[in-house]
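A.B. asks:
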Amino acid sequence: MVFYFTSAVVEPPYTIYMGKDKHENEDLIKYGWPEDIWFHVDKLSSAHVYLRLPKGQTIDDIPPEVLIDCAQLVKNNSIQGCKMNNINVVYTPWGNLKKTGDMDIGQIGFHRQKEVKIVAVEKKINEIVNRLEKTKVERFPDLAAEKELRDREERNEKKAQLQEQKRREKEEQKRKKEMEELKNYTSLMKSENMKTNEVRIIDLRENVVGFLSFDHIFHCVLFAGWLRFR
Numbered sequence: 233m234v235f236y237f238t239s240a241v242v243e244p245p246y247t248i249y250m251g252k253d254k255h256e257n258e259d260l261i262k263y264g265w266p267e268d269i270w271f272h273v274d275k276l277s278s279a280h281v282y283l284r285l286p287k288g289q290t291i292d293d294i295p296p297e298v299l300i301d302c303a304q305l306v307k308n309n310s311i312q313g314c315k316m317n318n319i320n321v322v323y324t325p326w327g328n329l330k331k332t333g334d335m336d337i338g339q340i341g342f343h344r345q346k347e348v349k350i351v352a353v354e355k356k357i358n359e360i361v362n363r364l365e366k367t368k369v370e371r372f373p374d375l376a377a378e379k380e381l382r383d384r385e386e387r388n389e390k391k392a393q394l395q396e397q398k399r400r401e402k403e404e405q406k407r408k409k410e411m412e413e414l415k416n417y418t419s420l421m422k423s424e425n426m427k428t429n430e431v432r433i434i435d436l437r438e439n440v441v442g443f444l445s446f447d448h449i450f451h452c453v454l455f456a457g458w459l460r461f462r
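Per my numbering, the sequence shown starts with residue 233, numbered consecutively.
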């Protein structure tokens, strides 16, 4: 059994959930999502409360109002903490939770202590607790199936992104090849034009030389004939 709450102090609203007892906490630890943030009263027994973030958000993106909702909810679900003022609530990403075989049921540790944050709770705020309790829904989810569905969707998204990246790279390679071919063609055309111009100049020179040679011979013949008939 899992209890779900809705924090509608911001738009869009956030989902908060927790297990009924320490045995269910084991399943929540096992089948948590990378988007989940875990909350617990520091140094006291309490419920394991989770906040599910939208994809793309991190622990630093939690709206202050939502953070207060989570802290009030976890305080209210601590036998000792609900009666005390000035307590601390620790919270960290689900991926930072550490569970080893020698730990008791519901007990948890951390992989990296520096990723654990603390929020101070001065006192219980009934208005917040009552608002959240009105949104409470009891469900019996298949946590393993939900986790598998989430992971499969993520794999499909990554596969689609990889395919799109390869398509763009292929198009870029094609564009570069076309630009290189165009560059080579342009260079070739310039070279051919230069050769053609050189041939035309040579032909013109040959024609001029030929004309001058013919003119010289013609005048020589005329002069020789004139001398002959004198």
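The C-beta atom is built at its ideal place from N, Cα and C for all residues, glycine as well.
Would you identify the three-state DSSP class for V453, choosing helix, strand or coil?
C.D. replies: Annotation note: pLDDT 45 at V453 (below 50); position unreliable, no value reported.
A.B. asks: Under 8 Å between C-beta atoms, does C314 make it to chain D?
C.D. replies: The structure shown has no chain D; it contains just one protein chain.
A.B. asks: For K307, I'd like the list of residues in its chain whose CB is within less than 7 Å of its CB, leaving aside the five on either flank, ordered along the chain.
C.D. replies: If we look at K307 and ignore the five residues flanking it on each side, its Cβ neighbours are V273, G313, C314, I319, V321, V353 and K356.
A.B. asks: Taking the alpha-carbon of I337 as reference, which of A240, N257 and V361 has the nearest alpha-carbon?
C.D. replies: Checking every option, the nearest Cα to that of I337 belongs to N257.
A.B. asks: Whole-angstrom Cβ separation of F237 and K368, contact assumed at under 8 Å?
C.D. replies: Contact holds; Cβ gap of about 6 Å.
A.B. asks: How many whole angstroms separate the CB atoms of K349 and T324, which I take to be in contact at a CB cut-off of 8 Å?
C.D. replies: So it is a contact: roughly 7 Å between Cβ atoms.
A.B. asks: Is A279 helix, strand or coil by DSSP?
C.D. replies: Here A279 sits in coil by DSSP.
A.B. asks: Thinking C-beta only, is D293 closer than 8 Å to S239?
C.D. replies: No. Outside cutoff.
A.B. asks: Name the two residues that bound the continuous beta strand (DSSP E) containing N320.
C.D. replies: From DSSP, the beta strand (DSSP E) with N320 extends over I319 to P325.
A.B. asks: Return the residue from the list I261, E412 and E413 that minimises the CA-CA distance to M335.
C.D. replies: Checking every option, the nearest Cα to that of M335 belongs to I261.
A.B. asks: Can you say whether Y417 is buried or exposed, counting buried as having 16 or more other CB atoms within 10 angstroms of its CB?
C.D. replies: Exposed: under 16 other Cβ atoms inside 10 Å.
A.B. asks: Determine the DSSP secondary structure at R344, reduced to helix, strand or coil.
C.D. replies: Coil at R344, not helix or strand.
A.B. asks: According to DSSP, simplified to helix, strand and coil, what is L285?
C.D. replies: It is coil, neither helix nor strand.
A.B. asks: For Q393 and N328, what's the separation of their Cα atoms in angstroms?
C.D. replies: Computed Cα separation, rounded: 27 Å.
A.B. asks: Identify whether D301 lies in helix, strand or coil by the three-state DSSP scheme.
C.D. replies: The answer is helix: DSSP assigns D301 an H, G or I state.
A.B. asks: Indicate the three-state DSSP secondary structure (helix, strand or coil) for K330 in the structure shown.
C.D. replies: Note: K330 maps to strand in three-state DSSP.
A.B. asks: Assuming the contact rule is C-beta atoms closer than 8 Å, D263 and K379 should be a hit. Round their C-beta distance to whole Å, please.
C.D. replies: Going by the sequence as given, residue 263 is Tyr instead of Asp. Confirmed, Cβ separation roughly 4 Å.
A.B. asks: Roughly how many angstroms separate the alpha carbons of E396 and T290, rounded to a whole number?
C.D. replies: The straight-line gap from Cα to Cα measures roughly 26 Å.
A.B. asks: Please say whether K331 and F342 have beta carbons closer to each other than 8 Å?
C.D. replies: The answer is no: Cβ separation not under 8 Å.
A.B. asks: For V241 versus V298, is the C-beta distance shorter than 8 Å?
C.D. replies: Going by C-beta atoms, V241 is nearer than 8 Å to V298.
A.B. asks: Quick check on S310: does DSSP put it in helix, strand or coil?
C.D. replies: In the structure shown, S310 sits in coil (DSSP, three-state: anything other than H, G, I, E or B).
A.B. asks: If we count the other Cβ atoms within 10 Å of its Cβ and call it buried at 16 or more, is E370 buried or exposed?
C.D. replies: So E370 ends up on the exposed side.
A.B. asks: Give me the DSSP bridge partner(s) of K391.
C.D. replies: DSSP output for K391 lists no bridge partner at all.
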